[in-house]
Amino acid sequence: MRKTSDVIWQDAQHQVLFELLDRLKQPGADGRILQRLQEYAENHFALEELYMHALAYPDREAHIESHDRFRMELAQLVDEDREFDELFQEIVATFLTEWLTRHVFGIDKQLEAFILQSGAC
Ligand SMILES: [Fe+2]
Ligand SMILES: [Fe+2]
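Quick note on the working numbering: the sequence shown kicks off at 3 and runs consecutively.
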């Protein structure tokens with residue numbers, strides 16, 4: 003259940019990202035879901051970055067660097083010219099789950115608190 007203290011758009015988008023990740027772990031998942039996740043993550047990062055700029059968020063440089071590293075890793079995974087077999091699926095799903103969990107419950111929470119106290123959400 004959503005808390006009233008959540009930044010609604012950010013929370014909802016994180017949920018979609020985790021849902022896409024769940025779909026990526028299902029048997030029969032393929033590169034199209036990975037691509038969908040990449041597109042969704044890009045839109046989500048862009049929106050967070052828009053807020054960070056608009057609110058002059060003090061930690062924005064490190065946060066955007068973190069997004070950029072993820073963008074690079076994801077682009078590499080999407081580009082890899084290899085079959086989306088079970089091993090690749092597992093490697094990709096494990097990596098993305100670890101990264102996303104750490105990011106969403108780490109620096110994204112700090113950003114959320116900042117947006118909340120700014121009253122801009
Ligand atoms: Fe986020
Ligand atoms: Fe973020």
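Just so you know, even glycine gets a beta-carbon here, dropped at the ideal spot from N, CA and C.
- prompt: From Asp83 to Gly30, what distance separates their C-alpha atoms?
  reply: Residue mapping note: residue 83 aligns to position 81 of the sequence shown, counting from 1. Residue mapping note: residue 30 aligns to position 28 of the sequence shown, counting from 1. Distance between the alpha carbons of Asp83 and Gly30 is about 18 Å.
- request: Locate the alpha helix (DSSP H) running through Val9, then write down its first and last residues.
  value: By one-based count along the sequence shown, residue 9 stands at place 7. First-last for Val9: undefined, no H or E at that position.
- request: Quick one: grab the DSSP three-state call for Tyr42.
  value: Here residue 42 corresponds to residue number 40 of the sequence shown, with the count starting at 1. If DSSP states are grouped into helix, strand and coil, Tyr42 belongs with the helices.
query: Relative to ligand 1, is the shortest distance from any of its heavy atoms to the C-beta of Val106 smaller than 8 Å?
result: Taking the sequence shown and counting its residues from 1, one reaches residue 106 at position 104. Within the cutoff, so yes.
Cβ distance (whole Å) where Leu76 is taken to contact Ala115 below 8 Å: Position 74 of the sequence shown, counted from the start, is the residue given in the question as residue 76. Position 113 of the sequence shown, counted from the start, is the residue given in the question as residue 115. Rounded, the Cβ-Cβ distance is 26 Å, inconsistent with contact.
message: Tell me the residue span of the alpha helix (DSSP H) that contains Gln112.
response: Taking the first residue of the sequence shown as position 1, residue 112 is located at position 110. Start and end: 109-120.
- prompt: With Leu19 and Leu113 assumed to form a contact (beta carbons below 8 Å), what rounded beta-carbon distance in angstroms separates them?
  reply: Taking the first residue of the sequence shown as position 1, residue 19 is located at position 17. Taking the first residue of the sequence shown as position 1, residue 113 is located at position 111. So it is not a contact: roughly 15 Å between Cβ atoms.
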